[in-house]
Amino acid sequence: MNQKNLDTEIWAVADLLRGDFKQSEFGKIILPFTVLRRLECVLEPTREAVLEQYEAIRN
Numbered sequence: 008m009n010q011k012n013l014d015t016e017i018w019a020v021a022d023l024l025r026g027d028f029k030q031s032e033f034g035k036i037i038l039p040f041t042v043l044r045r046l047e048c049v050l051e052p053t054r055e056a057v058l059e060q061y062e063a064i065r066n
């Protein structure tokens, strides 16, 4: 995939994800997703243990 096609694909996905939000509202979307991703990265080493504990408690 060349650079032009990649740019087009990225913007198409961004438009799809953005939905009805105006450009001035992007910060309301980007910041929460950034925080969630960072939290996911921090918790990743314990993910399997947490899921196992969840299954044990759930059953």
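Numbers 8 to 66, taken from my numbering, label the letters of the sequence shown in order.
Heads up, the beta-carbon is just placed ideally off N, CA and C, and yes, glycines get one too.
Quick caveat: nothing in here was measured; it's all calculated off a predicted structure.
Quick check on DSSP: helix, strand or coil for Gly34? helix
Out of Ile37, Lys11, Asn9, which has the shortest C-alpha to C-alpha gap to Ala21? Ile37
What span of residues does the alpha helix (DSSP H) with Glu62 cover, start to end? 54-65
Ala19 versus Arg45 - alpha carbon distance: 24 Å
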